[in-house]
């Protein structure tokens, strides 16, 4: 009886350890205004994507560093509007807790337009 209880306790402990492991983010999503753009995180922990169409040119790049269970995210965004002939640029570094993965984090606001990132 003691042997079966100890095996049960050990298996529950092992299952609990595996269930609590954080999964690494594999992509980053940039939301700005009514638009969004996403990119995969490369093996070197960098990301980069360009969207170029008639109305705008968007470059979204950066890198991710894991610190314990949290993430330091370096972000560089360039947005050029071909219609308004304007350019916006944002360089920032944010700390994202592991419980923020999958949730948008606002990194900027301009003219009532929110800019956020989401690690997935």
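Residue numbers (the working numbering): 4 to 123.
Glycine is no exception: its CB is placed at the ideal position from the N, C-alpha and C atoms.
Through-space distance from residue j to residue i, alpha-carbon basis
{"i": "residue 67", "j": "residue 82", "result": "21 Å"}
{"i": "residue 85", "j": "residue 92", "result": "15 Å"}
{"i": "residue 35", "j": "residue 112", "result": "9 Å"}
{"i": "residue 120", "j": "residue 45", "result": "17 Å"}
{"i": "residue 109", "j": "residue 122", "result": "12 Å"}
Bounding residues of the beta strand (DSSP E) (the contiguous stretch that carries residue i)
{"i": "residue 43", "result": "38–43"}
Closest Cα partner of residue i within the set the options
{"i": "residue 60", "options": "71, 48 and 39", "result": "39"}
{"i": "residue 118", "options": "103, 80 and 73", "result": "80"}
{"i": "residue 26", "options": "76, 107 and 103", "result": "103"}
{"i": "residue 1", "options": "115, 48 and 123", "result": "Outside the shown range of the chain (4 to 123) lies residue 1, about which nothing can therefore be said."}
{"i": "residue 47", "options": "64, 57 and 88", "result": "64"}
Residues bridged to residue i (per DSSP)
{"i": "residue 62", "result": "53 and 81"}
{"i": "residue 111", "result": "118"}
{"i": "residue 106", "result": "None, per the DSSP bridge assignment."}
beta-carbon residue i near the ligand HEM non-hydrogen atom, thresh 6 Å
{"i": "residue 60", "result": "Ligands are entirely absent from the displayed structure, and the ligand HEM is therefore not among its contents."}
Segment contact, 8 Å Cβ cut-off, at least three pairs: the segment 38–53 with the segment 92–99: With contact defined as three or more Cβ pairs closer than 8 Å, the segment 38–53 and the segment 92–99 are not in contact.
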